[in-house]
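Numbering-wise, the sequence shown is residues -23 to -1, 1 to 163 according to mature numbering (1 follows the signal peptide of the UniProt record, and there is no 0).
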Amino acid sequence: MARLDSMLLPLLLAAVGSLTCHAAPAEDQVMILPGLKQQPAFKHYSGYLKAGGDRHLHYWLVESSKADPTKAPLVLWFNGGPGCSSLEGLLRENGPFRVNDMAWLEMNPYAWNRDANVLYIEAPAGVGFSYSESNVTKTNDTQVAEDNYLALKSFLEKFPSTRAERCTSPARATVASTCLLWPPGS
Ligand SMILES: *[C@@H]1O[C@H](CO)[C@@H](O)[C@H](O)[C@H]1NC(C)=O
Ligand SMILES: *[C@@H]1O[C@H](CO)[C@@H](O)[C@H](O)[C@H]1NC(C)=O
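Structural data, given as structure tokens:
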């Protein structure tokens, strides 16, 4: 019995490990994005991340189109502002989709998600689809920093595959951002 257990345990752990590594919230997966002629081959997800208090931040994750998403690094993108929607980055700058003159969507051949999984978060609450249940959106840098941190933690819980310590092929996180705090004279 002891021998059987010692053989079964690693197998069970391997099974659980691979489940957690590939879990992604099916309810957040975007199956059809209106305005595109053809749906993309990569997966993308949109939904909410829990921030502080009663605040919820909207996110859109686009998986890598060329690299293996389970091995690709994770890039976190915030448009600055303060208060500029990160969908600006997704739909007009480095994201996979571009809005054309006819207000239809086209694919962007130079999108960053060729090589990385890119996470766009709309922050702070009150920007874009991000909200506070009580509609209180007055904020400051301290609260914004904490909300972004909590939202990232909430993301890592939703997408355990991006948690380096749980996977054999760790994801790296880099932060790409415009200025959240404008230096004097800019
Ligand atoms: C917040 O705003 C929404 C939209 O205007 C409204 O439906 C909702 O009742 C408001 N909630 C509170 C708690 O004021
Ligand atoms: C930032 O806002 C929070 C929530 O309103 C408040 O508790 C905190 O004192 C504020 N901090 C600063 C430095 O203004």
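Even glycine gets a Cβ: it sits at the ideal position worked out from N, Cα and C.
(message) Considering just the uninterrupted stretch of the beta strand (DSSP E) at L34, what are its terminal residues?
(response) That run of the beta strand (DSSP E) goes R32 to V39.
(request) Sort G29, Y22, Q6 and A(-1) by Cα distance to residue 165 and report the nearest one. (result) For the chain, the structure presents residues -23 to 163; residue 165 sits outside this window and is missing.
(message) Taking the beta strand (DSSP E) that K27 belongs to, which residues open and close that run?
(response) Its beta strand (DSSP E) spans residues H21 to K27.
(request) Below 6 angstroms CB to CB, which residues in the same chain sit around N90 once its five sequence neighbours on both sides are set aside? (result) Closer than 6 angstroms at Cβ, skipping near neighbours: V39, S41, S42 and P73.
(message) Just to confirm, is the Cβ distance from D92 to A44 under 8 angstroms?
(response) Yes; because the gap between Cβ atoms is below 8 angstroms, this pair is in contact.
(message) Any heavy atom of ligand 1 inside 7 angstroms of the beta-carbon of N112?
(response) Checking every heavy atom of ligand 1 against the Cβ of N112, one is found closer than 7 angstroms.
(request) Go to Y126, then tell me how far its alpha helix (DSSP H) extends in each direction, as first and last residue. (result) Judged by DSSP secondary structure, Y126 falls within the alpha helix (DSSP H) whose first and last residues are D118 to K135.
(request) Please list, in chain order, all residues with a C-beta atom less than 6 angstroms from at least one heavy atom of ligand 2. (result) After applying the 6 angstroms Cβ criterion, the set is N117, T119 and Q120.
(message) Here's a check: name, in chain order, each residue in its chain whose Cβ is nearer than 7 angstroms to the Cβ of G105, leaving out the five neighbours to either side.
(response) For G105, same chain residues with a beta-carbon under 7 angstroms away, outside a window of 5 residues either side, are H35, S62, L64 and E99 in chain order.
(request) Put E83 into one of helix, strand or coil per three-state DSSP. (result) Strand at E83.
(request) Spell out the partners DSSP gives V76 in its beta bridges. (result) Beta-bridge annotation (DSSP): V76 is paired with L82.
(request) Taking N94 and P46 to be in contact with their CB atoms under 8 angstroms, please state how far apart those CB atoms are, rounded to whole angstroms. (result) Contact between N94 and P46 holds: CB atoms are separated by about 6 angstroms, below the 8 angstroms threshold.
(request) Quickly, what does DSSP pair I98 with across the bridge? List them, please. (result) DSSP lists Y36 as partners of I98.
(request) Classify S138 as helix, strand or coil using the three-state DSSP reduction. (result) It is helical.
(request) Look at Q15 and I9 and say whether their C-beta atoms are less than 8 angstroms apart. (result) No, these two residues do not count as a Cβ contact at 8 angstroms.
(request) Could you please give me the residues that DSSP links to Q6 through a beta bridge? (result) The partner list for Q6 (beta bridge, DSSP) reads Y22.
(request) Take N71 and list the residues in its own chain whose beta-carbon comes closer than 6 angstroms to its own, dropping the five residues that flank it on each side. (result) Closer than 6 angstroms at Cβ, skipping near neighbours: W89.
(request) Taking 8 angstroms as the cut-off, decide whether the C-beta atoms of V51 and L96 are in contact. (result) According to the sequence shown, residue 51 is Leu rather than Val. Between L51 and L96, the C-beta spacing is below 8 angstroms.
(request) Please look up how many angstroms separate the CB atoms of P137 and A3, rounded, as I've assumed it's under 8 angstroms. (result) The pair is not a contact, with the Cβ atoms about 14 angstroms apart (cut-off 8 angstroms).
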